[in-house]
Structure formats: C-alpha cells, structure tokens
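Report on the following structure.
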Amino acid sequence: MKVSVDEDKCCGAGSCVLAAPDVFDQRDEDGVVVLLDPEPAEHLHAAVREAAEVCPAAAITLGNRA
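Reminder that position 53 of the sequence shown reads as 498 in our numbering, one-by-one numbering, no gaps.
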C-alpha cells in the first residue's frame with residue numbers, strides 16, 4: 446500500500462491520527478496532516494483505510510506499491 450496526503454486539502458480534523466497514529470500525525474502550529482509512513486506495513490492497512498474513509502476533507506489517497 447502506498448499512502449499520500451494533500452496538505453492543501455487537509456482541514457486539521459485529526460481523524461486520521463485517531464484511526465492510524467503510527468502512520469499519521471499533525472503539525473503543532475496548524476493541525477495539518479503529517480505522513481509518518483508512506484508505505485505502512487500490512488498490519489496497519491485496515492487502520493489506514495479507515496483513516497482515508499473518515500477524512501472529512503478527502504486529503505488521503507491510497508494506492509498500490511509500484
């Protein structure tokens with residue numbers, strides 16, 4: 446799985462961090478998403494999918510590893 450984020454779309458809700466804290470964080474100054482792991486291990490895939498689904502700004506994109 447390959448994960449990417451669009452910081453310009455992010456509204457700072459923090460839903461992604463709650464769903465997958467090993468993969469996402471937020472900047473202290475404005476709450477914008479920080480991608481910690483662009484290719485998370487398989488055991489994190491379900492949490493990352495949930496994070497993408499609950500993101501109110503649709504700022505998380507999932508794809509396959511090349």
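Idealized CB from N, CA, C, for every residue including glycine.
Residue environment for C500: buried (at least 16 other C-beta atoms within 10 angstroms of its C-beta). C455 is classed as buried because its beta carbon has at least 16 other beta carbons within 10 Å across all chains shown. Contact between D470 and V477 is absent: CB atoms are separated by about 10 Å, not below the 8 Å threshold. Relative to the Cα of K447, the nearest Cα in the group R494, R472, G459 and E498 belongs to R494.
Here V477 carries a coil assignment [DSSP, helix/strand/coil].
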